[in-house]
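Engineer:
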Amino acid sequence: MDRLLKTEESLRKNGFDADAFESADACVAELLRKIPVDATVAFGGSMTLKEMGLYELMKEKGYDVKWHWADKEDNLLKKVQERKVYITSSNAITEDGKLVNMDGNANRVASMLFGHEDVYVICGENKIVENLDAAFERIRKVAGPMNAKRLHVNTPCVHTGVCSDCDSPDRICNAETILHKKPGMTNVHIMILKGTFGY
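My numbering numbers the first residue of the sequence shown as 298 and each following residue consecutively.
(1) First and last residue of the alpha helix (DSSP H) that includes residue 430?
(2) Report, in whole angstroms, the separation of the C-beta atoms of residue 311 and residue 478, which I expect to be a contact under 8 Å.
(3) Could you have a look at residue 483 and say whether DSSP puts it in helix, strand or coil?
(4) By Cβ distance below 6 Å, which residues in the same chain neighbour residue 389 in space, the five residues on each side in sequence not counted?
(5) So, with DSSP's three-state summary, where would you put residue 353?
(6) Here's a check: name, in chain order, each residue in its chain whose Cβ is nearer than 6 Å to the Cβ of residue 455, leaving out the five neighbours to either side.
(7) DSSP has residue 473 in a bridge; who is on the other side?
(8) Keeping to the same chain, check which residues put their C-beta closer than 6 Å to that of residue 240; ignore five residues upstream and five downstream.
(9) I'd like to know whether the C-beta atoms of residue 415 and residue 363 end up nearer to each other than 8 Å.
(10) Please determine if the region 314-322 and the region 479-493 are in contact, where contact requires at least 3 C-beta pairs separated by less than 8 Å.
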């Protein structure tokens, strides 16, 4: 079975609403169909969402969207928790249908777990890995170091390209979560894009 379809099937078995898309445009069209324009929407930090231009598109369509990468407001990370819809990405998705994430402030992973009515997780198929060990390997060697470089922090992984479980005050790997199954009170929609998006 195709790896993307296998992962989609596993996610559904674990209670998630999961769909695979041939293109980012197809994914966006479905996202806009599912989310009413009068819903309050928040974004989590995500290169995938940035590459898709989703924030700008939803703003143009009239959505009330907040994103700490684009909007400058006091206490915005806390205000985000009050929004009906949360859109983000994941560091890794296992073929048996688990979401694995590492976070610095824990705002992204917290919002994926509880508090919003609907959570949409958009990922390229490059985030799909075989199992939990491979997921943590991906975070240590790809997502962690690349995000540290993007944030211009002074951590060892910026220089070595590999996580060393450092004690740096700039460390961005502070909170680790695994969604084995869909959280009981949160609707989690996982949208997997064919191709490479984010890191």
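Beta carbons are placed, not taken as given, at the ideal position from N, Cα and C, and that holds for glycine.
For clarity, every value in this text was computed on a predicted model and none was experimentally measured.
Structural biologist: To lay it out plainly:
(1) Counting along the chain, the alpha helix (DSSP H) containing residue 430 begins and ends at 429-435.
(2) 5 Å
(3) Correct three-state label for residue 483: coil.
(4) Once the five neighbours on either side are set aside, the close Cβ partners of residue 389 are 397, 424, 426, 432 and 435.
(5) helix
(6) Beyond the five residues adjoining it in sequence on each side, residue 455 comes within less than 6 Å, by CB distance, of 445 and 446 in the same chain, given in chain order.
(7) Under the DSSP definition of a beta bridge, residue 473 partners with 399.
(8) In the structure displayed, the chain extends from 298 to 496; residue 240 sits before or after that span and is not available.
(9) no
(10) Yes: the two stretches touch, three or more of their Cβ pairs being nearer than 8 Å.
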